[in-house]
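So the structure is just underneath, and the comments pick up after that.
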Amino acid sequence: MQIYQPKNGYCYNSDTLFLYDFALPFLKMRHHLLEVGAGCGVLGLLCARDSKCRLTMIEKNPKMAEFCSHNLRINHTKAHLICADFLEYDFNSQLAQNTKSQKTHSTTQIAFDIILSNPPFYHDDVIKSQNSDIFSARYAQNLPF
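Per the working numbering, the sequence shown runs over residues 3 to 147.
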């Protein structure tokens, strides 16, 4: 597997691999996985590769979404990649648009079997990065609660 990520931005680390290792036993073939805050896509790519699950990824940083898109492409992994804020994105509206384009009628709502996220978790008392991409991905103060 090849992974491209920014030279001067947030890069995946062992936390991502620990989360992957924890989640893998819960993933089944045909499960629909949503990865929130996909970054460069490594977590979703690993899960899709090793479980054959359906993959949807959402990433609000356009630069990281571009890395994710590139990584999906070069690793020949099929996924629905959304560049938007998870808290503002209307998944059911998107489902309605997709079903209209497929000329089928469905009243079902989109559903995910598993939702994974590796959210920012560094607390306020640590020295913070001056890089805005690293800052938004790493520190708990950027969470909405």
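Each residue gets a CB set at the ideal place from its N, CA and C atoms; glycine is no exception.
Since this is a predicted model, take the numbers as computed values, not measurements.
Candidates the options, of which the one nearest residue i by Cα
i, options, result
"residue 149", "30, 44 and 38", "The structure shown does not extend to residue 149, since the chain is modelled only from 3 through 147, so no value can be given for it."
"residue 55", "46, 62, 61 and 5", "46"
"residue 90", "68, 81, 114 and 62", "62"
"residue 30", "83, 51 and 111", "51"
"residue 92", "80, 81 and 111", "111"
"residue 118", "32, 7 and 36", "36"
"residue 40", "57, 115 and 113", "57"
"residue 113", "25, 34 and 24", "34"
"residue 115", "83, 69 and 53", "53"
Alpha carbon of residue i to alpha carbon of residue j, nearest angstrom
i, j, result
"residue 3", "residue 77", "6 angstroms"
"residue 66", "residue 15", "15 angstroms"
"residue 94", "residue 75", "26 angstroms"
"residue 60", "residue 27", "22 angstroms"
"residue 79", "residue 12", "22 angstroms"
"residue 107", "residue 85", "Interpretation of residue 107 is limited by its pLDDT of 48, a score under 50 that renders its predicted location unreliable; no figure is taken from the coordinates."
"residue 38", "residue 88", "7 angstroms"
"residue 42", "residue 6", "7 angstroms"
"residue 21", "residue 64", "23 angstroms"
"residue 9", "residue 120", "20 angstroms"
"residue 83", "residue 73", "11 angstroms"
"residue 81", "residue 24", "21 angstroms"
"residue 49", "residue 69", "17 angstroms"
Per DSSP, cross-strand counterpart(s) of residue i
i, result
"residue 37", "59 and 118"
Start and end residues, alpha helix (DSSP H) containing residue i
i, result
"residue 82", "Per DSSP, residue 82 belongs to no alpha helix (DSSP H); it is in the beta strand (DSSP E), 82-85."
"residue 28", "Residue 28 -> no alpha helix (DSSP H), and no H or E assigned at all."
"residue 45", "44-53"
"residue 9", "Residue 9 -> no alpha helix (DSSP H), and no H or E assigned at all."
"residue 66", "64-76"
Any non-hydrogen atom of the ligand HEM closer than 7 angstroms to residue i Cβ
i, result
"residue 95", "Absence of the ligand HEM from the depicted structure is noted, as is the absence of any ligand whatsoever, leaving it without description."
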